[in-house]
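*Asks:*
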Amino acid sequence: MKWLINVVLVMVIMIIIFPMVIIRSCGVPVEDEVLSNKPVERFQAEDEQRDFEVDLYIKSQNRLQRLPLEEYVIGVVAAEMPAAFEMEALKAQAVVARTYVVNRLLRLDKTGCSEYPSAHVCDQSDHCQGWIDQRAMEDKWGKINYYKYIRKISAAVEKTGGQIIVYDNSPIEAVFHSTSGGKTENSEDVWNKALPYLRSVVSDGEEKAPKFTDTKTFSVSDFISILERRFPSIKVDGKNLKDSIRLGEITEGGRVKDLTIGDVTLTGNEFRQLYDLNSANFKIKVTGNQVVITTIGYGHGVGMSQYGANGMAEKGSSYREILRHYYKDTDIIHLNELYSAR
Ligand SMILES: [Zn+2]
Numbered sequence: 334m335k336w337l338i339n340v341v342l343v344m345v346i347m348i349i350i351f352p353m354v355i356i357r358s359c360g361v362p363v364e365d366e367v368l369s370n371k372p373v374e375r376f377q378a379e380d381e382q383r384d385f386e387v388d389l390y391i392k393s394q395n396r397l398q399r400l401p402l403e404e405y406v407i408g409v410v411a412a413e414m415p416a417a418f419e420m421e422a423l424k425a426q427a428v429v430a431r432t433y434v435v436n437r438l439l440r441l442d443k444t445g446c447s448e449y450p451s452a453h454v455c456d457q458s459d460h461c462q463g464w465i466d467q468r469a470m471e472d473k474w475g476k477i478n479y480y481k482y483i484r485k486i487s488a489a490v491e492k493t494g495g496q497i498i499v500y501d502n503s504p505i506e507a508v509f510h511s512t513s514g515g516k517t518e519n520s521e522d523v524w525n526k527a528l529p530y531l532r533s534v535v536s537d538g539e540e541k542a543p544k545f546t547d548t549k550t551f552s553v554s555d556f557i558s559i560l561e562r563r564f565p566s567i568k569v570d571g572k573n574l575k576d577s578i579r580l581g582e583i584t585e586g587g588r589v590k591d592l593t594i595g596d597v598t599l600t601g602n603e604f605r606q607l608y609d610l611n612s613a614n615f616k617i618k619v620t621g622n623q624v625v626i627t628t629i630g631y632g633h634g635v636g637m638s639q640y641g642a643n644g645m646a647e648k649g650s651s652y653r654e655i656l657r658h659y660y661k662d663t664d665i666i667h668l669n670e671l672y673s674a675r
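Under the numbering used here, think of the first position of the sequence shown as 334, with each following residue one higher.
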């Protein structure tokens, strides 16, 4: 009788319990139990984040390259900010660069770079944001400095990994520029689009910036022929040019909103482009046969000033303080939080 019980026991183990063990360990992943305890949406989001890739158009090679998000951010920081800048400024730039492209990646209309529609961004700093590869970094810094700077920039990107700037739980339009000239601009004064986080703020510590001020000199006839190419029917008195130029309103950040020359009125930005000026914060002086244009600042002046960010970092501000200064009422969150809150 005892042997019969033993045989039955062995059969029960063989037929019922053993297959259960096998199935439990290879058919049903252990993680599924963990997964089921968390909101499904969050996990879908993390999957998406792991896969975040940027389709970058490299203009000089006329080709598209797909890059993991964080790798792309390293190339942007290397292209856009001097590597000798303070670590906290580089970290601020890394978060800005990441936010800029995540905004593109999440756009509901799926539009990317307007010049190269199949790419999220191009590598041109005057169109999307700059990006360079390893060879360009070596050319820029020299082989001796390459390892020092790439380590520094990689650390800035890694220490802020996945972090983006949000307003109302959406990634902001993280625009930035080199040098504000002392005060940044309200977005509507530059692009006719008022965004609550792109407000004019004081930007101290920029005086060391190489393009804090600049001067361009034209002969009166060259100055007028540039105008005539753009406005063929313009009426302007070359003999009395000084009295023909009238600066209009000045923006909160100190840039020229509009000006009138002869019978033509143009915006400060149009004038900046026409004469290839560093900024729309300019003064025009006509003396004898010369027109001298002095500019303050470099770039459009909206959002973070890179030299201002470095100035803040030198005085001990953290990257979070820098970003909250230049992007009003925003928060810095991890991409995961962005999704889980949606
Ligand atoms: Zn572009």
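Ideal Cβ placement from N, Cα and C applies to all residues, glycine included. No experiment lies behind these values; they were computed from the predicted model shown.
Any chance the CB of VAL454 is under 7 Å from a heavy atom of ligand 1?
*Replies:* yes
*Asks:* Report the residue from GLY641, GLY445 and GLY463 whose alpha carbon sits nearest the alpha carbon of LYS392.
*Replies:* GLY463
*Asks:* So is ALA527 buried or exposed if we call it buried at 16+ other beta carbons inside 10 Å?
*Replies:* Exposed.
*Asks:* Figure out for me which residue from THR512, GLY621, ASP537 and TYR500 has the closest Cα to the Cα of SER554.
*Replies:* Taking SER554 as reference, the option from THR512, GLY621, ASP537 and TYR500 with the minimal CA-CA separation is GLY621.
*Asks:* From GLY644 to ALA416, what does the alpha carbon distance come to, in whole angstroms?
*Replies:* When rounded, the distance between both Cα atoms is 14 Å.
*Asks:* Which residue marks the beginning of the beta strand (DSSP E) containing LYS549, and which one marks its end?
*Replies:* 546-552
*Asks:* So, for GLU506: in the same chain, excluding its five sequence neighbours on each side, which residues have a beta-carbon less than 7 Å away from its beta-carbon?
*Replies:* ASN436 and LEU528
*Asks:* Rounded to whole angstroms, what's the CA-CA distance from LEU402 to GLU386? Just pull it up for me.
*Replies:* When rounded, the distance between both Cα atoms is 5 Å.
*Asks:* Cβ atoms of THR517 and GLY601: under 8 Å apart, would you say?
*Replies:* no
*Asks:* Is GLN457 helix, strand or coil when you go by DSSP?
*Replies:* coil
*Asks:* What residues are listed by DSSP as bridge partners for GLN398?
*Replies:* Under DSSP, GLN398 forms a beta bridge with LEU389.
*Asks:* Would you say HIS667 touches ligand 1, meaning its beta carbon is less than 7 Å from a heavy atom?
*Replies:* No, since every heavy atom of ligand 1 falls outside the 7 Å radius drawn around the Cβ of HIS667.
*Asks:* 8 Å is my cut-off, CB to CB: does GLN398 come that close to chain B?
*Replies:* As a matter of chain content, chain B is missing from the structure shown, which is built from one protein chain.
*Asks:* Considering only C-alpha positions, which residue in the set ASP537, ARG396 and ALA430 is nearest to VAL410?
*Replies:* ALA430
*Asks:* Which residues mark the beginning and the end of the alpha helix (DSSP H) in which ASP576 is found?
*Replies:* 574-577
*Asks:* With distances taken from CA atoms, which of LEU574, ALA642 and GLY586 is nearest ILE617?
*Replies:* LEU574
*Asks:* With a CB to CB cut of under 6 Å and the five nearest residues on each side skipped, what residues in its chain are close to LYS371?
*Replies:* Model confidence at LYS371 stands at a pLDDT of 28, short of 50, so the residue's coordinates are unreliable and nothing is read from them.
*Asks:* CA-CA distance, TYR405 and GLN639?
*Replies:* 19 Å
*Asks:* Helix or strand or just coil, what does DSSP make of SER533?
*Replies:* coil
*Asks:* Ligand 1 and GLU413: does the residue's C-beta get closer than 7 Å to at least one heavy atom of that ligand?
*Replies:* no
*Asks:* Ligand 1 heavy atoms versus the CB of GLN457: any closer than 7 Å?
*Replies:* yes
*Asks:* Helix, strand or coil, according to DSSP, for LYS516 in the structure here?
*Replies:* strand
*Asks:* Anyone know if the C-beta pair for ILE665 and GLN496 falls short of 8 Å?
*Replies:* yes
*Asks:* How about VAL597: is its Cβ closer than 7 Å to a heavy atom in ligand 3?
*Replies:* For the structure depicted, ligand 3 is absent and the ligand set comprises only ligand 1.
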